[in-house]
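Student: Pasting a structure here, questions to come.
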DNA sequence: GCCAACGTTGGC
DNA sequence: GCCAACGTTGGC
């Protein structure tokens with residue numbers, strides 16, 4: 001079981017949109033590193049759902065409901081399907097992650113532009129702990 | 001809205 | 001294959 005983080009601008013597609021839709025095709029990724037991460041995703045893997053720009057916070061947990069398939073908009077790229085797992089009780093902000101010793105090595109902090117990134121199990125668990133104690 | 005950081009493109 | 005130019009992302 002692996003853990004990931006995906007980013008979305010809430011004005012484009014928010015956590016609430018995902019909860020409303022019950023599932024969504026995570027397509028439109030046009031970056032090789034991000035694509036490689038998409039390829040690694042297995043059904044049942046958990047994803048942190050991060051709101052960039054407006055919130056700059058991890059707001060929910062989603063899971064991979066369908067493994068890689070061709071991006072419907074461009075067959076040279078791939079997509080996965082994700083479904084909401086649950087909303088975090090309190091969002092964990094980027095500012096929190098930056099100052100937290102356990103999270104300061106996260107890809108989110110180190111390489112902020114990557115839109116699909118791996119998360120370590122310890123990081124994932126600690127984020128849940130920060131959010132829900 | 002600005003701009004730094006980074007990835008991609010294309011001329012050589 | 002190098003690297004300058006360019007476009008995009010995303011924090012501030």
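Residue numbers (our numbering): 1 to 133. Just so it is clear, CB atoms sit at the ideal spot from N, CA and C, and this is done for glycine as well.
Since residue 42 and residue 81 are thought to touch, with beta carbons under 8 Å apart, how far apart are those beta carbons, to the nearest angstrom?
Tutor: The Cβ separation is near 13 Å, so there is no contact.
Student: Residue 98 and residue 15 look like a contact to me (Cβ under 8 Å); what is the Cβ gap, rounded to whole Å?
Tutor: Actually they do not touch by this definition, with Cβ atoms about 21 Å apart.
Student: Provide the residue(s) that pair with residue 127 in DSSP beta bridges, ordered along the chain.
Tutor: According to DSSP, which records beta bridges pairwise, residue 127 is partnered with nothing at all.
Student: If you count every other CB in all the chains shown that lies within 10 Å of the CB of residue 12, and 16 or more means buried, which is it?
Tutor: Exposed is the call here.
Student: Nearest by alpha-carbon distance to residue 18: which of 39, 48, 1 is it?
Tutor: Minimum Cα distance to residue 18 is reached at 48.
Student: Once you ignore the five residues that flank residue 37 on each side, which residues in its own chain have a CB closer than 7 Å to its CB?
Tutor: Excluding residues within five positions, the ones whose Cβ falls inside 7 Å are 4, 116, 117, 118.
Student: First and last residue of the alpha helix (DSSP H) that includes residue 113?
Tutor: Taken as a continuous stretch (DSSP letters only), residue 113 belongs to no alpha helix (DSSP H), as it is neither H nor E.
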